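Enquirer: Take the sequence shown: its letter number 442 is residue 426 in the numbering used here, and every next letter is one higher.
Ideal Cβ placement from N, Cα and C applies to all residues, glycine included.
Just so you know, these numbers come straight off a predicted model, no measurement behind them.
Next up is a structure, given as structure tokens.
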Amino acid sequence: MALQSSGSPSTPGGAPAPATVLRFPSGFLWGAATSAFQIEGNTHADGRGESIWDRFCRLPGRVAGGGTGEPACDHYRRWREDVALMARLGLGAYRFSVAWPRIFPNGGAPLNQKGLDFYRRLVAALREHGIVPMITLYHWDLPQALQERGGWAARDTALRFAEYAALLFDRLGNEVPLWATINEPMLITYAGYAGRTKAPGVGRPWQTLAVAHHLLLAHGLAVRAFRQIVSQRADDRLAPGIGIVLNLRPCHPASPHPRDARAARLLDTLTHRLFLEPLFRGQYPEAALRFFRRRCVSLPAAPGDMAIIAEPTDFLGINVYVRVLAKSDLIMGAKQVPGPGPKTAMGWEIYPPCIGEALALAREYTSLPLYLTENGAAFTDRPGPGGTIDDQERIAYLRAHLAEAHRAIAAGIDLRGYFVWSLLDNFEWEDGYGPRFGLIHVDYATQARQPRASAHWYAGVIAQHGVPME
Ligand code: IFM
-15 MALQSSGSPS TPGGAPAPAT VLRFPSGFLW GAATSAFQIE GNTHADGRGE SIWDRFCRLP
45 GRVAGGGTGE PACDHYRRWR EDVALMARLG LGAYRFSVAW PRIFPNGGAP LNQKGLDFYR
105 RLVAALREHG IVPMITLYHW DLPQALQERG GWAARDTALR FAEYAALLFD RLGNEVPLWA
165 TINEPMLITY AGYAGRTKAP GVGRPWQTLA VAHHLLLAHG LAVRAFRQIV SQRADDRLAP
225 GIGIVLNLRP CHPASPHPRD ARAARLLDTL THRLFLEPLF RGQYPEAALR FFRRRCVSLP
285 AAPGDMAIIA EPTDFLGINV YVRVLAKSDL IMGAKQVPGP GPKTAMGWEI YPPCIGEALA
345 LAREYTSLPL YLTENGAAFT DRPGPGGTID DQERIAYLRA HLAEAHRAIA AGIDLRGYFV
405 WSLLDNFEWE DGYGPRFGLI HVDYATQARQ PRASAHWYAG VIAQHGVPME
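Right, dumping it as structure tokens:
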């Protein structure tokens, strides 16, 4: 395996130690990620329809500071500048999402050509700069018109998603090698439908299994469409491929008490295996079904659905930020408590081994190539003298997590790429514009972009295809 460390920490004669560099396998993709609603702004431009996030942001008290999808990063107008910034970083790949309501403003035909043209131009510009585009088809911005008809609790939404996906495969399948169907179905299910913290924020726990099932069905139907439309077309840099993106948060018991060990297993089942098992084994975990049966939550699976959901894919994307500690809870069986370590501005514990643990969890289910499709951190840094932003905490975070990725590859995990979340500061959902995850600082008032020290550091990582470990 083409994986090495170079340099030496020794300092003969007191000279500064050359950094040890953790070199990554050739072909490893260095990327950054964003999503449409979080950066595009211009929510009324060129015929875009309303999404569930536009509606959710207008509900009083749901988003910190009353934040909305405006102005975000005004990326819909400033995309050329943003692609130029990516090129200056030397990015090998860029993961972004398409806003379904720009393509089909009401969820289904007719096509809004202007919306599609925006993504065509973006993809063309990325390719001109040698940046591999990875498109996420669904990063949470469902057309509101489909929510009016039940949203993800309705089976029809999965069918509409397959049509939307097919349109994009047909129009962009030749140019885009990597496709992700659904981003983080777990959060959509629990925070958007069972809970109220993300759009649509309906708080209907009885819809939990219907939503999870329809998201997975939508994924499987899109994979089938992809095989019909794209599979035979070769790309110049990468074979075309499709997969889903799951967020994995390794679950640890909060104490040695067996009750907390059971709670950790339950949390792991409900948040991870409820999705991994149908995708890779064609069935739902019995423990999850038992849990939901006791709560009268039904699963609306039709004959043939499980085969669609388990349709073979080409890779699995995983988003990894944190581990969670589980404590037994009388009503829910398990609840999450924060870990003891230092935290990011999101209050998430900084625990780099979460990378190796999440990759190992994925590996329990599949030997497909894996991508770390998101990893990164929000910190409260401010521009310093001369306008520089010296975000050493973010650099330390990225370095430690990349070192864990390197360790996992050395142990035999087939990890093909890493995408920093995020390229730009952006709209952080219910937390509004407070948390800043960007390699690049965005002044929302002026829309000025300012690469942080971490952006320069990451450019160095990309340039040497390895992580300096000073
Ligand atoms: O900003 C989000 C992203 O949209 C999905 N994954 C987690 C990120 C940080 O919270």
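In chain order, what are the residue ranges of uninterrupted alpha helix (DSSP H) at least 4 long that sit wholly in the segment 39 to 71?
Expert: Taking only runs of at least 4 residues, no alpha helix (DSSP H) segment lies wholly in the segment 39 to 71.
Enquirer: Would you mind sorting L250 into buried or exposed? The rule is 16 or more other CB atoms within 10 Å of its CB.
Expert: buried
Enquirer: Could you tell me whether the segment 330 to 339 touches the segment 134 to 152, using the rule of 3 or more Cβ pairs below 8 Å?
Expert: no
Enquirer: When you compare only the Cα positions, how much space is there between R243 and T350?
Expert: If you take the alpha carbons of R243 and T350, they lie about 30 Å apart.
Enquirer: I'd like to know whether the C-beta atoms of Y402 and C57 end up nearer to each other than 9 Å.
Expert: no
Enquirer: Would the segment 120 to 128 count as touching the segment 72 to 81 if we require 3 or more Cβ pairs under 8 Å?
Expert: yes
Enquirer: According to the Cβ coordinates, are A206 and A150 closer than 9 Å?
Expert: yes
Enquirer: According to the Cβ coordinates, are G49 and Y417 closer than 9 Å?
Expert: yes
Enquirer: Using 8 Å as the cut-off, can you tell me whether the segment 53 to 67 makes contact with the segment 16 to 34, which would need three or more C-beta pairs spanning the two stretches below that distance?
Expert: yes
Enquirer: Beta strand (DSSP E) containing G418: first to last residue?
Expert: Unbroken run through G418: none, as it is neither H nor E.
Enquirer: State the DSSP-derived secondary structure class of E333, mapped to helix, strand or coil.
Expert: strand
Enquirer: L408 bridges to which residues according to DSSP?
Expert: I424
Enquirer: By the 10 Å Cβ neighbour count, where 16 or more other Cβ atoms means buried, how is E270 classified, buried or exposed?
Expert: exposed
Enquirer: Spatial neighbours of G74 within its chain, please: CB distance less than 8 Å, with the 5 preceding and 5 following residues excluded, ordered by chain position.
Expert: W14, A443, I446, A447
Enquirer: Give the DSSP-derived three-state secondary structure of R188 in the structure shown.
Expert: coil
Enquirer: Would you mind sorting S(-8) into buried or exposed? The rule is 16 or more other CB atoms within 10 Å of its CB.
Expert: With a pLDDT of 44 at S(-8), under the threshold of 50, the modelled position of this residue cannot be trusted; read the value that follows with caution. Per the 10 Å Cβ criterion, exposed.
Enquirer: Would you mind listing the beta strand (DSSP E) stretches within the segment 101 to 147 that are 3+ residues and don't spill past its ends, in chain order?
Expert: 116 to 122
Enquirer: Do you know whose CA, among V107, V308, F153, lies nearest A238's CA?
Expert: Comparing Cα positions, the closest option is V308.
Enquirer: Look up E34 in the DSSP assignment and say whether it is helix, strand or coil.
Expert: E34 sits in coil when the DSSP states are folded into three classes, being neither helix nor strand.
Enquirer: Can we count F80 as close to the ligand IFM, meaning its CB is less than 8 Å from some heavy atom?
Expert: Short note on F80: C-beta not closer than 8 Å to any heavy atom of the ligand IFM.
Enquirer: Along the chain, where does the alpha helix (DSSP H) that runs through W413 open and close?
Expert: W413 -> no alpha helix (DSSP H), and no H or E assigned at all.
Enquirer: When the Cα atoms are used, what is the spatial distance from E65 to Q431?
Expert: 11 Å
Enquirer: Which residue spans inside the segment 325 to 389 form an unbroken beta strand (DSSP E) run of at least 3?
Expert: 354 to 359
Enquirer: Exposed or buried, which one is P419 when buried takes at least 16 other CB atoms within 10 Å?
Expert: P419 counts as buried, since at least 16 other C-beta atoms from the protein chains shown sit within 10 angstroms of its C-beta.
Enquirer: When the Cβ atoms of the segment 181 to 190 are set against those of the segment 33 to 40, are three or more pairs found closer than 8 Å?
Expert: A contact exists between the segment 181 to 190 and the segment 33 to 40.
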